[in-house]
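Visitor:
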Amino acid sequence: MIRGAHVAPVLTAHPTETRRRTVFDTQTRIKTLLKESHRGGDMAAIEKEMYLRMTLLWQSALIRLVRPGSWIGGDHDGNPYAD
């Protein structure tokens, strides 16, 4: 039963949905690869890159839980002259 199954990715977007830039760029590249596969490109190379890109998406967090910040100008960790 599984052998005869057809699996197809569904890429959707919602206008208010927030995504990391890397996720968006990866999805855009997957879309380009799908178009190239329909035009008869190098299928071995396309499938290899598609596998790598989809693995990257699968293993990546869609939303960054912690945003990197800066402590420039705010280091009160022993500097007596910091305001």
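Residue numbers (the working numbering): 27 to 109. No residue lacks a Cβ here, since even glycine has one placed at the ideal position from N, Cα and C. Just so it is clear, the structure is predicted and the values come from calculations on it, not from any experiment.
#1: DSSP three-state label for R47, please.
#2: Given a cut-off of 8 Å on the beta-carbon distance, is the pair S53 and L37 in contact?
#3: Using only the alpha-carbon positions, how far apart do K57 and R29 sit?
#4: Would you kindly check if the distance between the Cβ of S63 and the Cβ of I72 is under 8 Å?
#5: To which residues of the same chain is L82 closer than 8 Å at the C-beta, ignoring the five residues directly before and after it?
Guide: Straight from the coordinates:
#1: The residue given as residue 47 occupies position 21 in the sequence shown. The answer is helix: DSSP assigns R47 an H, G or I state.
#2: Locating residue 53 in the sequence shown gives position 27, where the first residue counts as 1. Locating residue 37 in the sequence shown gives position 11, where the first residue counts as 1. Note that residue 53 is Gln in the sequence shown here, rather than Ser. Taking 8 Å as the Cβ cut-off, Q53 and L37 qualify as a contacting pair.
#3: Locating residue 57 in the sequence shown gives position 31, where the first residue counts as 1. Locating residue 29 in the sequence shown gives position 3, where the first residue counts as 1. Each residue's alpha carbon lies about 25 Å from the other.
#4: Taking the sequence shown and counting its residues from 1, one reaches residue 72 at position 46. Taking the sequence shown and counting its residues from 1, one reaches residue 63 at position 37. For I72 and S63, yes; Cβs fall inside 8 Å.
#5: For the purposes of this step, residue 82 is identified with residue 56 of the sequence shown, where counting begins at 1. So the list reads T52, once near-sequence residues are dropped.
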